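Notes follow once the structure below has been shown.
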Amino acid sequence: MKTDLMNLKKSFISHPFILMEGALGERLKREYGLDISGTVAMADLIYQEQGRIALRKLWNEYIDIARTYQMPFIATTPTRRANKERVYMAGYSDSIIMDNVEFLREIKKTSGIEMYIGGLMGCKGDAYTGEGALSKEEAIDFHHWQANLFRLANIDFLYAGIMPELMETLGMATVMSDTDIPYIISFTIQKDGKLIDGHTINYAIRFIDDNVSNKPVCYMTNCVHPDIVYQALSHDFNQTESVRMRFMGIQANTSALSYNELDGAKELQTSSPVDWAKAMMKLKSDYHFKIFGGCCGTDNKHMEEIAKRMKQ
-17 MKTDLMNLKK
-7 SFISHPFILM
3 EGALGERLKR
13 EYGLDISGTV
23 AMADLIYQEQ
33 GRIALRKLWN
43 EYIDIARTYQ
53 MPFIATTPTR
63 RANKERVYMA
73 GYSDSIIMDN
83 VEFLREIKKT
93 SGIEMYIGGL
103 MGCKGDAYTG
113 EGALSKEEAI
123 DFHHWQANLF
133 RLANIDFLYA
143 GIMPELMETL
153 GMATVMSDTD
163 IPYIISFTIQ
173 KDGKLIDGHT
183 INYAIRFIDD
193 NVSNKPVCYM
203 TNCVHPDIVY
213 QALSHDFNQT
223 ESVRMRFMGI
233 QANTSALSYN
243 ELDGAKELQT
253 SSPVDWAKAM
263 MKLKSDYHFK
273 IFGGCCGTDN
283 KHMEEIAKRM
293 KQ
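With our numbering applied, the sequence shown covers -17 to 294.
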């Protein structure tokens, strides 16, 4: 089993780039009218007929792009808010994690491509302000439940999404490391080159790498525009070997607005696929990013534009 679980690491090393899924949440709300504001957000959509139809259609759109351009593809379970506290509060059982993995695994089986399934985990509090962040010890205790369920489900990799605060991220990385499953850490970052809690990207990478048994496959960021990431990386304190060698991916918004401006926006904030892809390619050429995915505002047109440019 461990040999199979190591395939994502091998793929990351051997391929020049990997395509990650584009937006799910925004599209589920705006294109399908689905309510994802519940206690576990998108994690219980698999128990609704319309939810299953919509998820399958969106993932297959992104898979078709990866197939067309012959790229490895990674997708994550919509479980960022499905932690132990929220799952039990919503009246669900541990099986919600396995059920989400199995649903995505069925899609993988029919994909016909090199595809890896990630178990998405998130911070306990607010990913955009850091409010409610946990200490390292609290995070180990809190996030162990979800990480262990993903381990039992034989997930391909673990993914920590939009993590704003270093000590909770270290706690999550610790439990991920202990599963022996490959994992990726994705930070909430700002144009000042720092996490929400004020630590630089360089410091955060070195701190986590130095304090876990098994290091992440890489670090990345999500829910942020590529121009903001480019500016964040351009600061002298992030012009380091650790950042160049370890910070290598993005799930990008199509709007350059800040987290505060985007959070709860009534209208979709977006830009053209061409403009967005050009900004993404700057991260590839200047900072050697390998993983490219979409977040708020993206759809299959954005993902196809970046896939086409990467293959060129």
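C-beta atoms are modelled at their ideal positions from N, C-alpha and C, and glycine is treated no differently. Everything numeric in this text was worked out from a predicted model, so none of it was measured.
In this structure, the beta-carbon distance from residue 100 to residue 55 does not fall below 7 Å.
When rounded, the separation of the alpha-carbon atoms in residue 35 and residue 218 is 47 Å. Secondary-structure assignment with DSSP links residue 102 through a beta bridge to 141. A Cβ-Cβ contact shorter than 7 Å links residue 170 with residue 109. Comparing C-alpha distances from residue 12 to each of 91, 290, 191, 281 shows the shortest one belongs to 281. Collapsing the DSSP output to three states places residue 32 in a helix. The straight-line gap separating the alpha-carbon atoms of residue 61 and residue 50 is approximately 28 Å. A residue is called buried when at least 16 other Cβ atoms come within 10 angstroms of its Cβ; residue 141 meets this threshold and is buried. The shortest C-alpha to C-alpha distance from residue 258 to any of 269, 275, 270 is the one to 275. As the crow flies, the alpha-carbon of residue 135 is around 7 Å from that of residue 83. In the DSSP annotation of this structure, the continuous segment of the beta strand (DSSP E) that includes residue 202 starts and ends at 200 to 206. Straight-line spacing of the CA atoms in residue 125 and residue 133 works out to 13 Å. By the neighbour-count definition (other C-beta atoms within 10 Å, threshold 16), residue 31 is an exposed residue. Per DSSP, the unbroken beta strand (DSSP E) holding residue 229 starts and ends at 229 to 234. Rounded to whole angstroms, the gap between the alpha carbons of residue 160 and residue 233 is 26 Å. Around the beta carbon of residue 168, 16 or more other beta carbons sit within 10 angstroms, so the residue counts as buried. Here residue 24 is buried, its C-beta having at least 16 other C-beta atoms within 10 Å. Under the DSSP assignment, residue 1 falls in the beta strand (DSSP E) whose first and last residues are 0 to 2. Inclusion of residue 122 and residue 157 in the CB contact set at 7 Å is warranted, their separation being smaller than that value.
Looking at the DSSP output, residue 165 sits in a beta bridge with 140. DSSP, read as helix, strand or coil, puts residue 176 in strand. Taken through DSSP and simplified to helix, strand or coil, residue 57 comes out as strand.
Taken through DSSP and simplified to helix, strand or coil, residue 111 comes out as coil. Spatial neighbours of residue 211 in its own chain (CB-CB distance under 8 Å, excluding positions within 5 residues in sequence) are listed in chain order as 171, 203, 232, 234, 265.
By the neighbour-count definition (other C-beta atoms within 10 Å, threshold 16), residue 45 is a buried residue. Taken through DSSP and simplified to helix, strand or coil, residue 275 comes out as strand.
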